Amino acid sequence: MAAAIPPGGTWFDTLNKSFADVPVGDNGISTTEFLEAAESLVTLFDLLGSKCFAPVKSDLLGNIQKVRQRQLAAPAESETLQALVLNELKTGKHNATEGLLWLVRGLDFTVQALRHNLNEPTAELSNSFRDAYGRTLKPHHSFVVKPIFSAAMSATPYRKDFYAKLGDDPAKIDAALRREVEALEKIVATLNEFLARKETQWK
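Be aware that the sequence shown starts at 1, since it is given in full-length UniProt numbering, and climbs by one per residue.
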């Protein structure tokens, strides 16, 4: 069950961790805070209200778990996501690295949908999510998975109903959403660049 929105606040105030608060340094992105922020943002799919989004949420949570398992197994080598990946690959394994790759794709899909909806004030969520899916996850999905995600895109609520769940003050909602989206866009871009490097390939 979603946490209650505080008086005068927004849904974003109920999150345990915002991507805007994830430490990003020269050495990399802090693993613990990143995973906490990812888990917090995944609850967004609960607001969308459709059972069709259960596979999307489950996929994201499963990939978060893969990264966390590696972090717990080798905490000293996993303080940043970059260190976690490079140290795991040295062992000849890539379970967490692959999990992070798919997690970043899922977060990219989510943030692109939200960015599209921010930039297009009249766009319905279904259009924003469908557009983002085509540019992020769809090229990597099998013919078995694509219909599942397509069903979720079609089951999104109306824009006005979704934003009503985020709070009562449109200006505060817009500011909070922009803060989260901008922070996540930067993190996704950094991780996409890192995961495209030669030293992070395992195939």
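Note that beta-carbon positions come from the ideal geometry of N, C-alpha and C, so glycine has one too. A quick note: this is a predicted structure, and the numbers were derived from the prediction, not measured.
Rounded to the nearest whole angstrom, the CA to CA distance from A123 to T136 is 19 Å. Assigned with DSSP and collapsed to three states, V24 falls in strand.
The alpha-carbon separation between A164 and R68 amounts to approximately 33 Å. The secondary-structure analysis by DSSP pairs S30 across a beta bridge with T80. Of the residues assessed, A175 falls on the exposed side of the cut-off, its CB having fewer than 16 other CB atoms within 10 angstroms. One thing to note: A113 has its Cβ within 7 Å of the Cβ of A132. Cα atoms of V181 and R130: separation of roughly 18 Å, rounded to the nearest angstrom. If you check the CB distance, S128 and M153 do not come in under 7 Å. The beta carbon of R178 sits closer than 8 Å to the beta carbons of L118 from its chain, once the five residues preceding and following it are set aside; these are given in chain order.
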